[in-house]
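Report on the structure given below.
In this note's numbering, the protein residues as written are 19 to 337.
Spelled out as structure tokens, the structure:
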């Protein structure tokens, strides 16, 4: 049973918004693009693991928690957690295409593409061991003692392992059910009540990773952002406000709600509040009254009064 599903990837959403509003010559443009590709691959890999648990079930008490963020002497993120009364299994998903070598001196993951390009990543073995240790501390803090084990999951069959990890089993998602069947279940470390308590407690202690505002996270001056409303058809910025909505001079598209994406991006990229002047400058409007009407249409929470009036999202954790 999947007790917690995959969370919204706020970082991926933020990276996309940031990438679109940075000029092609910005010093961080290429690095952000690389992070987008990495985040997208991670999401796909985690969904492949999720699909396995939706397809298969097991005739004993278990629960699956996906994309879990916890705190225990430091924050840690677990791609998938398989909880039983006999053990807890951490699955570390890696969706990296190419020939992979799990190196140990120093610990790292080496990826080589057919083109000859070589990339070095943080060691999944080290990540997994850290998560095991932190989860064990979390469990002990909550008065529980149960074995915690881990495995590395390769999200793509286009990943070929040249040098396997020494300390961690590694497999493709389709092998997960057989791996679970082979794990010992002779001893129950948790009563049924404890099992239910720990699964609910882990789920309730999850904290969404919140990287906003992205400019602050990345050390980018908001002045570097491309201003204006983006055309939903040709993707160019600078749509003009007309009576019927927003007009794109490049492709002729007219859209009544094109400003909504821009205002949402302000909260994602710049800060958690917005006043009339800031909105006017970001959307490249001239009219204070037209700007006010747009702000009012967004169902934002009004704060302050008179010239000090500003607006926030009603749900600060929405995008």
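All C-beta atoms in this analysis are idealised placements derived from N, C-alpha and C, irrespective of residue type, glycine included. For clarity, every value in this text was computed on a predicted model and none was experimentally measured.
Whole-Å CB distance - residue i paired with residue j, under 8 Å assumed
i, j, result
"residue 313", "residue 297", "6 Å"
"residue 111", "residue 63", "4 Å"
"residue 96", "residue 149", "6 Å"
"residue 244", "residue 41", "6 Å"
"residue 256", "residue 246", "5 Å"
"residue 118", "residue 178", "7 Å"
"residue 162", "residue 214", "No, residue 162 and residue 214 are not in contact; Cβ-Cβ is about 12 Å, not under 8 Å."
"residue 74", "residue 102", "Wrong, their Cβ atoms sit about 14 Å apart, outside the cutoff."
"residue 92", "residue 152", "6 Å"
"residue 319", "residue 326", "That belief does not hold up - the Cβ atoms of residue 319 and residue 326 are roughly 15 Å apart, past 8 Å."
Identified DSSP bridge partners for residue i
i, result
"residue 361", "Residue numbering for the chain in the displayed model covers 19 to 337; residue 361 lies beyond these limits and cannot be assessed."
"residue 264", "259, 273"
"residue 179", "118"
"residue 78", "Note: residue 78 sits in no beta bridge, so no partner."
"residue 139", "127"
"residue 111", "171"
"residue 94", "88"
"residue 100", "82, 107"
"residue 320", "329"
Where residue i falls, given that 16 or more other Cβ within 10 Å makes a residue buried
i, result
"residue 52", "exposed"
"residue 45", "exposed"
"residue 248", "buried"
"residue 159", "exposed"
"residue 227", "exposed"
"residue 104", "buried"
"residue 321", "exposed"
"residue 266", "buried"
"residue 145", "buried"
"residue 94", "buried"
"residue 268", "exposed"
"residue 344", "This structure cannot settle anything about residue 344, because the visible part of the chain is limited to 19 through 337."
"residue 288", "buried"
"residue 36", "buried"
"residue 277", "buried"
Cutoff 7 Å; reference residue i; Cβ partners in own chain excluding five residues on either side
i, result
"residue 143", "120, 125, 183, 185, 186"
"residue 284", "292, 300"
"residue 32", "229, 230, 232, 286"
"residue 280", "247, 248, 300, 301"
"residue 164", "105, 106, 157, 207, 208"
Nonlocal neighbours in the same chain, by C-beta distance under 8 Å from residue i, ignoring five residues either side
i, result
"residue 317", "332"
"residue 67", "84, 97, 98, 109, 111, 171, 173, 191, 194"
"residue 70", "191, 192, 194, 195"
Same chain, Cβ closer than 6 Å to residue i, five either side skipped, listed in chain order
i, result
"residue 47", "40"
"residue 139", "127"
Quiz item: Pairing CB atoms from the stretch 72-90 with CB atoms from the stretch 19-27, are three or more of them under 8 Å?
Solution: yes
Exercise. Check whether the stretch 164-181 touches the stretch 190-206, taking contact to mean three or more Cβ pairs, one atom from each stretch, closer than 8 Å.
Key: yes
Quiz item: Does the stretch 213-232 come close enough to the stretch 195-203 that 3 or more CB-CB pairs lie under 8 Å?
Solution: no
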